[in-house]
Amino acid sequence: MIEIAFLIRSLNYGGAERQLITLVKALDKRKFNITVLYFYSGGALEKDLQDSGINLICLEKRDRWDVFGFLLRLVRHLKRINPNVLHGFMGTSNLLTIFLKMFFPSTRMLWGVRASNVDLSRYDWLFSLIFKLECLFSRFADLIVVNSYAGQTYHLAHGFPADKMVVIPNGIDTERFKPDKEARARVRAELNIAEDTILIGLVGRLDPLKDHPTFLKAAALLCQEVENLRFVCVGSGLESYANELYSLSQELGISNKVIWAGARTDMPAVHNSLDIAASSSYTEGFPNVIGEAMACGVPCVVTDVGDSALIVGDTGVVVPPKDPEAIAAGLKQVILQKLCKPDSTPDIRLRMRIVIEFNCTKLIENYSAVLSENGTKMGV
Numbered sequence: 076m077i078e079i080a081f082l083i084r085s086l087n088y089g090g091a092e093r094q095l096i097t098l099v100k101a102l103d104k105r106k107f108n109i110t111v112l113y114f115y116s117g118g119a120l121e122k123d124l125q126d127s128g129i130n131l132i133c134l135e136k137r138d139r140w141d142v143f144g145f146l147l148r149l150v151r152h153l154k155r156i157n158p159n160v161l162h163g164f165m166g167t168s169n170l171l172t173i174f175l176k177m178f179f180p181s182t183r184m185l186w187g188v189r190a191s192n193v194d195l196s197r198y199d200w201l202f203s204l205i206f207k208l209e210c211l212f213s214r215f216a217d218l219i220v221v222n223s224y225a226g227q228t229y230h231l232a233h234g235f236p237a238d239k240m241v242v243i244p245n246g247i248d249t250e251r252f253k254p255d256k257e258a259r260a261r262v263r264a265e266l267n268i269a270e271d272t273i274l275i276g277l278v279g280r281l282d283p284l285k286d287h288p289t290f291l292k293a294a295a296l297l298c299q300e301v302e303n304l305r306f307v308c309v310g311s312g313l314e315s316y317a318n319e320l321y322s323l324s325q326e327l328g329i330s331n332k333v334i335w336a337g338a339r340t341d342m343p344a345v346h347n348s349l350d351i352a353a354s355s356s357y358t359e360g361f362p363n364v365i366g367e368a369m370a371c372g373v374p375c376v377v378t379d380v381g382d383s384a385l386i387v388g389d390t391g392v393v394v395p396p397k398d399p400e401a402i403a404a405g406l407k408q409v410i411l412q413k414l415c416k417p418d419s420t421p422d423i424r425l426r427m428r429i430v431i432e433f434n435c436t437k438l439i440e441n442y443s444a445v446l447s448e449n450g451t452k453m454g455v
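For the sequence shown, the residue numbers in our numbering are 76 to 455.
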């Protein structure tokens with residue numbers, strides 16, 4: 076049995092966190108004994124892992140400056156587990172694996188990289204420092220797993236070692252994310268959206284890189300040309316940034332058109348409630364929400380960042396980032412296409428692209444191979 080430990084900051088609702096849960100639940104438990112360690116308690120996805128029977132350890136980190144007690148707890152738990160592989164999942168978790176090498180010299184240390192083209196100016200000094208340290212210490216990782224080809228290119232340009240990087244694209248659970256008319260009706264009723272109203276959604280945490288301001292500006296432009304529209308933003312974030320977005324929607328005169336739904340765990344139902352899914356991010360890795368929406372038969376308008384264009388292929392509309400006019404035009408194009416259809420039946424082409432190209436089976440096969448190979452090696 077190969078002992079695998081994953082280390083992640085939290086189990087809050089986000090793309091990386093959901094992908095980790097998808098992965099650990101599907102890996103072969105006859106081959107891998109899996110433990111997930113996470114810094115902070117209270118994440119919306121904790122219960123999902125608890126219910127699955129995965130070994131789950133909260134390190135009870137109190138705040139940013141709770142360092143020494145946190146590290147002692149982490150080392151104590153890892154000594155008990157004695158993992159063959161310790162897999163960091165982004166940022167601080169990656170860096171910690173390098174620190175932990177001195178305590179666990181025979182453990183293979185893997186990094187998880189899930190972003191590309193990060194605008195460091197939009198984040199605080201600690202975020203910038205962590206990224207610079209990742210660039211500096213990346214050569215000490217045993218293997219670096221990147222979830223997008225765009226992310227690989229970006230990190231190679233910033234000094235990450237090419238011989239230690241492997242790309243494993245995210246996998247979409249197409250058994251969970253699929254067309255569901257009943258779920259569509261239920262969520263739309265909850266949001267008070269009539270069936271003949273066009274509902275456009277942006278799913279993603281309230282974070283500067285998701286560029287909600289551009290989405291809101293595009294929404295305001297679109298409302299000048301198209302009637303009977305509503306917009307929903309699904310995700311949570313810092314209260315200060317959320318308040319900025321609320322104020323912007325008021326300034327644009329669309330506050331009555333925009334629903335702020337917060338974080339939700341019923342994402343298959345949420346995607347089904349949409350007529351169009353939008354991604355306005357100015358940086359991405361592999362955005363799960365695009366693949367999930369497509370698996371539910373929802374057309375997408377995405378910015379040309381990360382692997383977004385690769386995911387939609389010829390089934391969606393791809394526009395430049397930070398361009399409200401382009402996003403508005405892309406949304407209008409999809410609206411006109413939908414108006415030409417006799418009914419609201421999901422486009423099977425959208426779902427089939429995800430089923431064929433980005434299914435969970437490929438993710439699990441690729442990760443199983445990587446973990447098996449590294450689980451039988453000694454750390455360097």
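Here a beta-carbon is modelled for each residue, glycine too, at the ideal position from N, C-alpha and C.
Beta-carbon proximity list for residue i, same chain, < 8 Å, skipping 5 on both sides
i           : result
residue 170 : 163, 205, 208, 209, 212
residue 449 : 159, 160, 183, 185, 217, 218
Cβ-Cβ distance between residue i and residue j below 9 Å
i           : j           : result
residue 249 : residue 435 : yes
residue 407 : residue 355 : no
residue 96  : residue 124 : yes
residue 273 : residue 369 : no
residue 357 : residue 289 : yes
residue 372 : residue 339 : no
Neighbourhood of residue i by C-beta, 6 Å cutoff - its chain only, sequence neighbours within 5 removed
i           : result
residue 161 : 80, 172, 182, 184
residue 461 : The structure shown has nothing for residue 461, since the chain only spans 76 to 455.
residue 186 : 163, 169, 216, 219
residue 277 : 290, 308, 353
residue 150 : 178
residue 110 : 80, 130, 156
Residue i (DSSP reduced to helix, strand or coil)
i           : result
residue 340 : coil
residue 371 : coil
residue 140 : coil
residue 164 : coil
residue 96  : helix
residue 90  : helix
residue 78  : strand
residue 310 : coil
residue 110 : strand
residue 455 : With a pLDDT of 47 at residue 455, under the threshold of 50, the predicted position of this residue should be treated as unreliable, though the coordinate-derived value follows. Residue 455: coil per DSSP, three-state reduction.
residue 208 : helix
residue 430 : helix
residue 305 : strand
residue 415 : coil
residue 129 : coil
residue 320 : helix
residue 329 : coil
residue 193 : coil
Close beta carbons around residue i, own chain, < 7 Å, minus the five adjacent residues each side
i           : result
residue 455 : Low confidence applies to residue 455: its pLDDT is 47, below 50, so where it sits in the model is not reliable, and the reading given next is rough at best. Excluding positions up to five away in sequence, the list reads 217.
residue 157 : 78
residue 227 : 221, 240, 242
residue 167 : 84, 205
Closer than 8 Å: residue i CB and nearest the ligand COA heavy atom
i           : result
residue 173 : This structure does not include the ligand COA; it has no bound ligands of any sort.
Report yes or no: do the segment 393 to 405 and the segment 240 to 252 share at least 3 C-beta pairs separated by less than 8 Å? no
So does the segment 137 to 153 actually touch the segment 121 to 129, counting three or more Cβ pairs closer than 8 Å? no
Would the segment 290 to 307 and the segment 327 to 346 be scored as touching if the rule is three or more Cβ pairs under 8 Å? yes
Using 8 Å as the cut-off, can you tell me whether the segment 359 to 368 makes contact with the segment 383 to 397, which would need three or more C-beta pairs spanning the two stretches below that distance? yes
Completely contained alpha helix (DSSP H) runs for the segment 341 to 409, where each covers 4 or more residues: 342 to 348, 363 to 370, 383 to 387
Counting only runs that start and end within the segment 229 to 295, where is the alpha helix (DSSP H) found for 4 or more residues in a row? 256 to 266
Report the start-end ranges of each beta strand (DSSP E) in the segment 147 to 191 that is 3 residues or longer and not cut off at the edges. 160 to 163, 183 to 188
Is it the case that the segment 264 to 279 contacts the segment 229 to 236, given that we only count it when at least three CB pairs across the two stretches are under 8 Å? no
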